[in-house]
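Report on the structure given below.
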Amino acid sequence: MTTWLRDHIGVVRLRQLLEDARHRLALVPLTFLFAGVVLSQVTLLIDRQLDDETLPTFFETTVDSARAILGAIAGGLITAVTLLVSMVLVAVQLASGQLSPRTLRNWLGDRVLQRAVGVVLGTTVFCLLGLRSARQLGDDLSIVPSTTVLVGVVLAIVSLVYVVRAIDQVTTNLQIGTIARRLTDDTIATIRSVGASTDERPGHVPAAHPRPPTAIPDGAVAVECDTSGWVQQIDIEQLVETLPEGATVWVVVVHGGFAIARSPLAWVDLPSTDDTDETVQTGDTVQADDDSGAPDQEAVIESIRSCFALGPSRTMQQDVGFGTSQLTDIAVRALSPGINDPQTARDLIMHLGEILAELWAGEPADTEIRADGRLIIRSVASPEEHLRAALDPIRHYGRHDPAVMRTMADMLQTLRSEIVRRELPNPVDPIDRWIDELVAAVDDDGWTDRERSDFAAAARRSPDGAR
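Rendered as structure tokens:
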């Protein structure tokens, strides 16, 4: 099955489609709507097979009462759908205006909200179809959907529970603590899934050749992207399997970077004809030409291109920098004169410290990957790059606020002491340099003597890393 998906869709693109579907509001509700149609046909079929004598007393109903019950449920749930959609729009507006537009994917992908809209829509369709089937055919002949009415009442109760749960979810998710906690957990999960030190440079749009041009030989061939977009995934494992033996690839784009149409995603140096045996490789590896034994260049390029997934926006699948950038965006917006909420910025700084601690705890990733005569060379971000991408904007916009600057100094000193105490593999020198830059960047005009002394105490470190 995996081989078929790789041949016809591609594992990377399949994961991309599933991620996009998970963050769309319409997919789950439409699935529940279809389930409501199917369930209504099943219950109506049961009603046609039963008569009044075989039904228990609490099942019994009349055509008029069935119409009244189903009509009331359908009308009330249509209002509930309107309420849920209105809440979604209000939440999206608040998230976009007060937080960051990049957090909208999290709102639309909320499973509780999606299921609530789906259950209400499915129940509404179920009741409407049952209402259509309840009719009087003659003086002695009628279709009474007793089972449909009972199921409709149960579904209506479930729908009301989901509506209340959705309202609670929306109001809870609007709290900055919940938003920060979710973004932090998602980012840490991404770090652990792709490796604590990932191959990305957060917060920067990559140039076509982040590596020196001399590192790529003249005979290398460019693997160009078809369309413009943000780099969402790079499947290194599939890339290794795709390459013919003896090939070398330079990956020149990074997760979270923007690639322009027709710009290189990677450069590949294929083995020469003299170095290649006339053997046909099977499986995921590209086959060689029958005449020369050299790999088919176009097939290799297309196979490499399929290992990259580009999209209209950044995602959290492999992009650690996207998680930190969302927290940074919210903190910077909180420091703006229009919002003026430095306490939110201070809270988010501590969450960023939790993410940085996870990054510092990871072993540095390899910049070169060798497997069966194949070589992949890629850029690998250091924890310092993540630190600067996360905290540089906050330092710039918060340099006038003593509480914000002191919180950053406290967080970094705590991070530094934990690195020393736990003997984490990454060095503390980048943190020391950034603290020195923080002290130099402070604009303490208007600060009191106490605020200056508090900041100086927070930024002061001892040689052994203790607080």
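Here the working numbering runs 1294 ahead of the position in the sequence shown, where the first position is 1.
Every residue, glycine too, gets a C-beta built ideally from N, C-alpha and C.
Keep in mind that this is a model prediction, so the values were computed, not measured.
Beta-carbon proximity of residue i to residue j, cut-off 8 Å
i: VAL1406; j: GLN1463; result: yes
i: ASP1660; j: GLU1539; result: no
i: GLY1424; j: LEU1364; result: yes
i: VAL1698; j: ALA1639; result: yes
i: ILE1670; j: VAL1543; result: yes
i: VAL1414; j: LEU1371; result: yes
i: THR1618; j: ALA1684; result: yes
i: THR1418; j: VAL1375; result: yes
i: GLN1408; j: VAL1332; result: no
i: ARG1710; j: ILE1725; result: yes
i: VAL1736; j: ARG1682; result: no
i: LEU1624; j: LEU1393; result: The residue you asked about is not Leu; residue 1624 is Ile in the sequence shown. Against a cut-off of 8 Å, the Cβ pair of LEU1393 and ILE1624 comes out as a contact.
i: LEU1378; j: ALA1410; result: yes
i: ALA1675; j: LEU1718; result: no
i: ALA1541; j: PRO1511; result: no
i: ALA1428; j: ARG1361; result: yes
i: GLU1247; j: PRO1677; result: No answer is possible for residue 1247: it lies beyond the span of the chain, which begins at 1295 and ends at 1761.
i: ARG1715; j: GLN1527; result: no
i: HIS1645; j: ALA1752; result: no
i: GLY1513; j: ASP1563; result: yes
i: GLU1592; j: SER1557; result: no
i: GLN1620; j: LEU1477; result: yes
i: ASP1404; j: ASN1467; result: yes
i: LEU1327; j: GLY1416; result: yes
Anticipated Cβ contact below 8 Å, residue i with residue j, distance rounded
i: THR1337; j: THR1441; result: 5 Å
i: TRP1561; j: ALA1603; result: The Cβ separation is near 19 Å, so there is no contact.
i: ARG1399; j: HIS1317; result: 5 Å
i: GLY1446; j: ILE1367; result: 6 Å
i: VAL1545; j: ARG1672; result: 4 Å
i: TYR1691; j: VAL1733; result: Going by Cβ atoms, the distance from TYR1691 to VAL1733 rounds to 17 Å, so no, they are not a contact pair.
i: PRO1439; j: ASP1341; result: 5 Å
i: MET1381; j: ILE1482; result: Going by Cβ atoms, the distance from MET1381 to ILE1482 rounds to 29 Å, so no, they are not a contact pair.
i: ASP1738; j: ARG1700; result: At roughly 11 Å, the Cβ-Cβ gap does not stay under 8 Å, so ASP1738 and ARG1700 are not in contact.
i: PHE1420; j: LEU1454; result: In fact, because the Cβ distance is near 15 Å, the residues do not count as touching under 8 Å.
Beta-ladder partner(s) of residue i, from DSSP
i: ALA1516; result: TRP1561
i: ALA1603; result: GLN1527
i: THR1542; result: ASP1563 and LEU1669
i: ALA1553; result: GLY1523
Proximity test, Cβ basis, 8 Å: residue i and chain B
i: SER1673; result: Protein chain content of the structure displayed is limited to a single chain, and chain B is not contained in it.
Quiz item: What are the complete alpha helix (DSSP H) segments, minimum 4 residues, inside the segment 1413-1467?
Solution: 1440-1467
Quiz item: Touch check for the segment 1622-1637 and the segment 1322-1341: three-plus C-beta pairs under 8 Å?
Solution: no
Quiz item: Three or more beta-carbon pairs under 8 Å between the segment 1606-1613 and the segment 1535-1555, yes or no?
Solution: yes
Practice problem: Could you pull out every unbroken alpha helix (DSSP H) segment of at least 4 residues lying fully inside the segment 1626-1673, listed in chain order? | Solution: 1636-1654
Quiz item: Does the segment 1589-1608 touch the segment 1662-1676, meaning 3 or more C-beta pairs lie closer than 8 Å?
Solution: no
Quiz item: Any contact of the segment 1644-1652 with the segment 1699-1708, i.e. 3+ C-beta pairs under 8 Å?
Solution: yes
Exercise. Let me know the alpha helix (DSSP H) ranges lying completely inside the segment 1312-1361, each 4 residues or longer, listed in chain order.
Key: 1321-1343
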